[in-house]
Amino acid sequence: MKYGISNEDVYLFHQGTNYEAHRILGCHQIKNKGARGFRFVVWAPHASSVSVAGDFNTWSWDSHQLELLNETGLWAGFFTDIPEGSNYKYALKNPNGWSGLKSDPFALQSELRPDTASVTPYDVENYKWNDQKWQKEKKKKSSYNSPLNIYEVHFGTWKQKEDGTLYTYEEMADLLIPYVKEMGYTHIELMPLAEHPFDLSWGYQITGYFSVTSRYGTPNQFKYFVDRCHQEGIGVLMDWVPGHFCRDEHGLREFDGEPLFEYGDIHKADKPSWGTLTFDFGRPEIQSFLISNAVFWLKDCHVDGIRADAVASMLYLNFDRQEGAEKMYNTYGGEENLEALAFLRKLNETVFKYDENVLMMAEDSSDIPLVTSPTYAGGLGFNYKWNMGWMNDMLKYMEFDSFHRKWHHNLLTFSFMYTFSENFVLPLSHDEVVHGKKSLLDKMPGDQWQQFAQLRLFYAYKTAHPGKKLLFMGGEFGQYAEWKDQEDLDWLLLDYPLHAAMKKYVSHLNHFYKEEPALYELDHDSEGFEWIDPHNSDQSIIAFMRKSKNAKDQVVIVCNFTPVVHYDYKIGVPASGTYEEIFNSDAESFGGSDQINGKAHFSFPEQWHSKPQHIRIKVPPFAVCMFKIKESSVSKEES
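Going by full-length UniProt numbering, the sequence shown opens with residue 1, and the numbers climb by one from there.
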């Protein structure tokens, strides 16, 4: 093959097993026969001619022609007269009389919207990384028994300049990273940053899968942001959209005049509610494209993990099917998309061969089992799944007036029935605070004090519940308005005491979480959890224990979902000794009523809640309090 393209690379691409296809396809600066220039490679099997048009040739369709390399539709060319940073598109024609200008599906850089051209890259592939310490440390620990607390961020609306313009990746490194460290999060999750034409799609409708969006700067500036996060001990996750793509004319839709990236059957391709098209997961070249894209973000951009968006939409043929529309079925008569299932398994198997410590998270609202089980055991092969059931049940429960919660107690406790069936993340994401759903604070019933108290309660309950954690930006200081996807957060609220106290509270809670192994070490093991009392629906109080690998390290947790203060309340405990309160969400410094417990609570040798001992505590209103036994107080027989 010409231009440094090997026959093996081409063969693997068409077999669906070239997992670094982005190193061959697209635009790359290379040396060819002693001359330096740009090589262009594009897959367009239905095309009769392909050329590169751009600002370097006044968008001519004739001057920079590509040649057909093989019968499977790879076109290539090498040019020495195209400068770095040039805008270009592929000019394609097919035998049916169709012609069009298309952005490069494998472009490493794109124009700033509303312009839509790809850009010949400058030094994109030669960034000098300085995160070696992070990469080394990451290999030493497992995420399963480590704290994982994610701050979800939309890059363009976390904070904006006074004139409304956007901060660059480099500028955000100076602003966002210190904030995340102060707040005690372990990871930042970025909503999709691949190039997209429409701001209000939030990045979920993509045209440039290998181009980090130019809204905030260059690819190397983005790598600098990730690098700085790692140097400060913060992991970076990114939302990834393998399920569908937008219909914009310059994008992937009917790329060479015929369906190519999408299914040929429009009923199978169409996602009418979203106005998008589904990838053809059974086509080998699409498998190479998408898996290479995941590898690109993880390997080339050093992202620590990806959250696969809308997995349920991939898994089911009739997802988003309009009422009355004819249903589709697979060859076995089921509604599962067998090609998508096979693709996801292949994706995860491949990614974990590259990096066994990567985080592969499925945002999956379906009830399909074994999402986080290995593929050899029949699973999809992800290592985490967003717990959408927990999120929906808890938001519904919290929106009830506290007086009525006693009749909906099952919403509070049901998640514990299945919490160890998958490796779960507990998400309170952007999806819960948009489109009229109200902010988390505004979902809470009651007066202002009660709203803040219940939000503190909710956050502490989430921290205590088995599973990793995620919170969308603004939730940490109790933003009253739901997320405004064109403006930055309401930072001015921090001038008000209750909001400032909420921010202080979340920071304290996050740091407390990282310091208590019982709250994270056995998140996915039933040995790490034990009920004390799940049955007190009348008073809407639950009590349970979280445990670490150290059998002696146990935290007793009491959650009160009503405004009633309970005095001399009995809680069963596993051993005799002196228990001290180590956390109370009702502390005055957090904006609470300061119904705190003293440091010493001696256990009584009377069985309670099926435990051999009990302590008597004050249960604060709308609050969570946690207790640990003092090691020095454990009797010799029990130790």
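Glycine included, C-beta positions come from ideal geometry on N, C-alpha and C.
For clarity, every value in this text was computed on a predicted model and none was experimentally measured.
Hey, out of GLY251, GLU171, PRO242 and ALA501, whose CA is closest to ILE291's CA? Residue mapping note: residue 291 aligns to position 291 of the sequence shown, counting from 1. Measuring from the Cα of ILE291, the nearest candidate turns out to be PRO242.
Between SER415 and ILE82, what straight-line distance do the alpha-carbon atoms span, to the nearest angstrom? Taking the sequence shown and counting its residues from 1, one reaches residue 415 at position 415. Taking the sequence shown and counting its residues from 1, one reaches residue 82 at position 82. Between the alpha carbons of SER415 and ILE82 lies a distance of about 58 Å.
The beta strand (DSSP E) with VAL10 in it runs from where to where? Sequence index remark: in the sequence shown, residue 10 carries index 10 (1-based). No beta strand (DSSP E) holds VAL10; the alpha helix (DSSP H) holding it covers 7-15.
Look at the alpha carbon of GLY475 and the alpha carbon of LEU440, and state the distance between them as a whole number of angstroms. Reading the sequence shown from its first residue, position 475 is the one you call residue 475. Reading the sequence shown from its first residue, position 440 is the one you call residue 440. Linking GLY475 to LEU440 through their CA atoms gives a straight-line distance of about 7 Å.
Quick check: the Cα distance between PRO605 and ILE571, rounded to an integer number of angstroms? One-based indexing of the sequence shown puts residue 605 at position 605. One-based indexing of the sequence shown puts residue 571 at position 571. When rounded, the distance between both Cα atoms is 12 Å.
Unbroken beta strand (DSSP E) run spanning SER211, endpoints: Along the sequence shown, one-based indexing puts residue 211 at 211. Element bounds for SER211: 208-212.
In chain order, what residues of the same chain have a beta carbon less than 6 Å from the beta carbon of MET444, not counting five sequence neighbours either side? As a position in the sequence shown, residue 444 is number 444, starting the count at 1. Residues GLN451, GLN454 and LEU455 of the same chain have their beta carbon placed closer than 6 Å to that of MET444, with the five preceding and five following residues left out of the count.
Locate the beta strand (DSSP E) running through LYS31, then write down its first and last residues. What you label residue 31 is simply residue 31 of the sequence shown in a count that begins at 1. For LYS31, the enclosing beta strand (DSSP E) covers residues 26-32.
Is the region 97-109 touching the region 67-79 in the sense that three or more CB pairs, one from each, lie closer than 8 Å? At 8 Å Cβ cutoff, the stretches do not touch.
Report, in whole angstroms, the separation of the C-beta atoms of VAL556 and PRO621, which I expect to be a contact under 8 Å. Taking the sequence shown and counting its residues from 1, the one referred to as residue 556 is at position 556. Taking the sequence shown and counting its residues from 1, the one referred to as residue 621 is at position 621. Taking the Cβ atoms as the reference, VAL556 lies roughly 19 Å from PRO621, outside the contact range of under 8 Å.
Using C-beta distances below 6 Å, list every residue in its chain close to ILE541, excluding the 5 sequence neighbours before and after it, in chain order. On the sequence shown, position 541 is the one that residue 541 refers to. Correct list, in chain order: ASN560.
Determine the direct distance from the alpha carbon of GLY100 to that of MET361, and round the result to whole angstroms. Taking the sequence shown and counting its residues from 1, the one referred to as residue 361 is at position 361. Taking the sequence shown and counting its residues from 1, the one referred to as residue 100 is at position 100. Cα-Cα distance, rounded: 37 Å.
I'd like to check one pair, HIS22 with PHE296: are the Cβ atoms closer than 7 Å? Within the sequence shown, residue 296 is the residue found at index 296, counting from 1. Within the sequence shown, residue 22 is the residue found at index 22, counting from 1. Cβ atoms of PHE296 and HIS22: closer than 7 Å.
Distance check for PHE583 and SER593, CA to CA, integer angstroms please. Taking the sequence shown and counting its residues from 1, the one referred to as residue 593 is at position 593. Taking the sequence shown and counting its residues from 1, the one referred to as residue 583 is at position 583. Roughly 14 Å separates the two Cα atoms.
Rounded to the nearest angstrom, how far is the Cβ of LEU66 from that of VAL10, given a contact under 8 Å? Numbered from 1 along the sequence shown, position 66 holds the residue referred to as residue 66. Numbered from 1 along the sequence shown, position 10 holds the residue referred to as residue 10. Contact flag wrong, Cβ pair sits at about 15 Å.
GLU637, buried or exposed, once every other Cβ within 10 Å from all chains shown has been counted against 16: Here the question's residue 637 lines up with position 637 in the sequence shown. In this prediction, GLU637 has a pLDDT of 40, which is less than 50 and means its spatial position is unreliable; what the coordinates show is noted afterwards. Classification for GLU637: exposed.
Are GLU335 and TYR316 touching if we call contact CB-CB under 7 Å? Position 335 of the sequence shown holds residue 335. Position 316 of the sequence shown holds residue 316. Against a cut-off of 7 Å, the Cβ pair of TYR316 and GLU335 comes out as a contact.
If ILE234 sits next to GLU189, beta carbons under 8 Å apart, how far is it from one beta carbon to the other, in whole angstroms? On the sequence shown, residue 234 is found 234 positions in, with the first residue counted as 1. On the sequence shown, residue 189 is found 189 positions in, with the first residue counted as 1. A Cβ-Cβ separation of about 11 Å leaves ILE234 out of contact with GLU189 under the 8 Å criterion.
Closest Cα partner of ASN423 within the set GLY467, MET417 and LEU411: In the sequence shown, counting from the first residue as 1, residue 423 sits at position 423. Closest by C-alpha distance to ASN423, out of GLY467, MET417 and LEU411, is GLY467.
Is CYS301 helix, strand or coil when you go by DSSP? Start at 1 with the first residue of the sequence shown, and residue 301 comes out as number 301. CYS301 falls in the coil class under three-state DSSP.
Out of curiosity, what's the CA-to-CA distance linking MET502 and GLY591? If you number the sequence shown from 1, residue 502 lands on position 502. If you number the sequence shown from 1, residue 591 lands on position 591. Counting only the Cα atoms, GLY591 lies some 7 Å from MET502.
Decide if the region 242-260 is in contact with the region 43-60; the criterion is three or more beta carbon pairs, one per stretch, under 8 Å apart. Contact between the region 242-260 and the region 43-60 is present: three or more C-beta pairs spanning the two stretches fall below 8 Å.
In whole angstroms, what separates the C-alpha of GLN607 from that of HIS614? On the sequence shown, residue 607 is found 607 positions in, with the first residue counted as 1. On the sequence shown, residue 614 is found 614 positions in, with the first residue counted as 1. Distance between the alpha carbons of GLN607 and HIS614 is about 7 Å.
From what residue to what residue does the alpha helix (DSSP H) around VAL295 run? To locate residue 295, count along the sequence shown from 1; it is residue 295. If you look at VAL295, you'll find it in the alpha helix (DSSP H) that goes 284-295.
Could you name the residues of the same chain whose beta carbon sits closer than 6 Å to that of GLY379, not counting the 5 residues immediately before and after it, in chain order? Here the question's residue 379 lines up with position 379 in the sequence shown. If we look at GLY379 and ignore the five residues flanking it on each side, its Cβ neighbours are LEU370 and SER373.
Checking the sheet assignment: what are the DSSP bridge partners for ALA308? The sequence position of residue 308 within the sequence shown is 308, counting from 1. Answer is TRP240 and ALA362.
Within 8 Å, do at least three Cβ pairs link the region 181-200 to the region 125-140? The count of Cβ pairs closer than 8 Å, one atom from the region 125-140 and one from the region 181-200, stays below three, leaving the stretches out of contact.
With distances taken Cα to Cα, identify the nearest neighbour of GLY97 among ASP256, ALA35 and PRO612. Residue 97 sits at position 97 when you count from the first residue of the sequence shown. Minimum Cα-Cα distance from GLY97 among the listed residues ASP256, ALA35 and PRO612 corresponds to ASP256.
What does the alpha-carbon distance come out to for the pair HIS250 and TYR179? What you label residue 250 is simply residue 250 of the sequence shown in a count that begins at 1. What you label residue 179 is simply residue 179 of the sequence shown in a count that begins at 1. Straight across, the Cα-Cα distance linking HIS250 with TYR179 is about 38 Å.
Rounded distance between the beta-carbons of ALA464 and ARG546, thought under 8 Å: What you label residue 546 is simply residue 546 of the sequence shown in a count that begins at 1. What you label residue 464 is simply residue 464 of the sequence shown in a count that begins at 1. The pair is a contact, with the Cβ atoms about 6 Å apart (cut-off 8 Å).
Beta-carbon within less than 7 Å of SER507's beta-carbon, same chain only, minus the 5 sequence neighbours each way: which residues are those? By one-based count along the sequence shown, residue 507 stands at place 507. Excluding five sequence positions before and after SER507, the CB atoms of its chain that fall closer than 7 Å to its own CB belong to GLU182, MET183 and GLY184, given in chain order.
Can you give me the start and stop residues for the alpha helix (DSSP H) that LYS462 sits inside? Within the sequence shown, the letter at position 462 stands for residue 462. Here the alpha helix (DSSP H) through LYS462 covers 448-464.
Using CA coordinates, which residue listed in MET388, TYR569 and LEU492 is at the minimum distance from LYS159? Translated into positions along the sequence shown, residue 159 becomes position 159. Taking only the C-alpha atoms, the option nearest LYS159 is LEU492.
Continuous alpha helix (DSSP H) assignments of at least 4 residues falling wholly in the region 336-423: If one requires a minimum length of 4 residues, the alpha helix (DSSP H) runs lying completely within the region 336-423 are 338-354, 388-399 and 409-413, in chain order.
Should the region 221-239 be called in touch with the region 262-271, which here means at least 3 C-beta pairs below 8 Å? Short answer: they don't touch.
Return yes when the Cβ of THR168 is within less than 7 Å of the Cβ of GLU195, no when it is not. What you label residue 195 is simply residue 195 of the sequence shown in a count that begins at 1. What you label residue 168 is simply residue 168 of the sequence shown in a count that begins at 1. Going by C-beta atoms, GLU195 is not nearer than 7 Å to THR168.
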